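Going by full-length UniProt numbering, 155 is the number at position 155 of the sequence shown; the sequence numbering is gapless. Reviewing the structure listed below.
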Amino acid sequence: MKLSTIGKIKFSEYSGNSDPKAHIRAFRLAISRAHLNDDEKEAGYYRFFAENLTGSALEWFAGLEENSIDNFTQVVSAFLKQYSVFIEIRTTEADLWNLKQAPFEPLRAYINKFREIKAKIANVNDGVALAALKNGVWFSSKFKEEMSVRAPVSLDDALHRASFFAAYEEDVANLKEQFLASKNAANKKTSATKEALTKGQHSYAIDNSTKNKSSTFDLNKHCDFHKRKGHSTEECRAALHEKERREEEENSQEDEPPSTPKSDK
């Protein structure tokens, strides 16, 4: 049979290493634009199907036994069986049910995964998807509490609210990070100041033993440096200053050059 003057129908060629169902869907969509009449359809399907096979797939088609195929439907069945190993498992609502938010997983990361799976499902049931979302969110999250207290009217409503809760969660995390950084900086500054003020305070000691009490020993006095009674913090500071003064005098004497003896002439 002579077909109407139609050029080659353009759609992705099939070489035998991808999903055959996807190729059949693309073929059916493309052939619908050829506008073949009833008498042309069967022959046209064979021709245009074969024209878009390459490599091992074309060899398979050419190697079909004579009289083994009665119609194009049988061609499709044989084609799908031949390349069934490449058929991709379709995503369904069950995949949404199996998706769970991890204990420390950010809400935005979980919602993005949920959206990606939902986008792969053809004609998704909103009611089923919404139930899967409620089931998958971490049990103690603020968003789960929101959906329990104020039930969303639709899946879009729930996802819209989720974006606000995700933003709030991120803001809290950022503020917490800033607070901890500021707190750590303040602690470091306080430690440095305390170290500077108390530097050398334990390089000397006022004898506070019960066996050898000084004349100034007084149980009513308390030293903040040594954390004990017997002398005051002021007395400690005075002792420190006196010790430093003596060390400076000793150092200055060591630095003075020795005097040159006068020679007798």
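Note that CB positions come from ideal geometry on N, CA and C, so glycine has one too. Since we're looking at a predicted model, the values are computed, not measured.
Check: Put Lys176 into one of helix, strand or coil per three-state DSSP.; Outcome: helix
Check: Buried or exposed for Glu250, please, with buried defined as at least 16 other CB atoms from any protein chain shown within 10 angstroms of its CB.; Outcome: exposed
Check: Relative to the C-alpha of Arg47, which residue among Phe72, Ala167, Leu64 and Arg25 is closest?; Outcome: Phe72
Check: In the DSSP assignment, find the beta strand (DSSP E) that holds Asp218 and state where it starts and stops.; Outcome: Asp218 to Cys223
Check: Rounding to the nearest angstrom, what Cα-Cα distance links His226 and Asn184 in this structure?; Outcome: 27 Å
Check: Assuming Val137 contacts Glu93 under a Cβ cut-off of 8 Å, what Cβ separation, rounded to an integer in Å, is found between them?; Outcome: Not really, about 16 Å apart at Cβ, beyond 8 Å.
Check: Quick check on the burial criterion: 16 or more other C-beta atoms within 10 angstroms. Buried or exposed for Phe165?; Outcome: buried
Check: Which first and last residues belong to the alpha helix (DSSP H) in which Arg228 is found?; Outcome: Counting along the chain, Arg228 falls outside any alpha helix (DSSP H), though it belongs to the beta strand (DSSP E) covering Arg228 to Gly230.
Check: From which residue to which residue does the alpha helix (DSSP H) around Gly136 run?; Outcome: Asp126 to Gly136
Check: Do you know how far the Cα of Cys236 is from the Cα of Ile206?; Outcome: Reliability fails at Ile206, whose pLDDT of 49 lies under 50, so the model's placement of it is uncertain and no value is given.
Check: When DSSP labels each residue in this structure, what does Tyr45 get in the three-state scheme?; Outcome: helix
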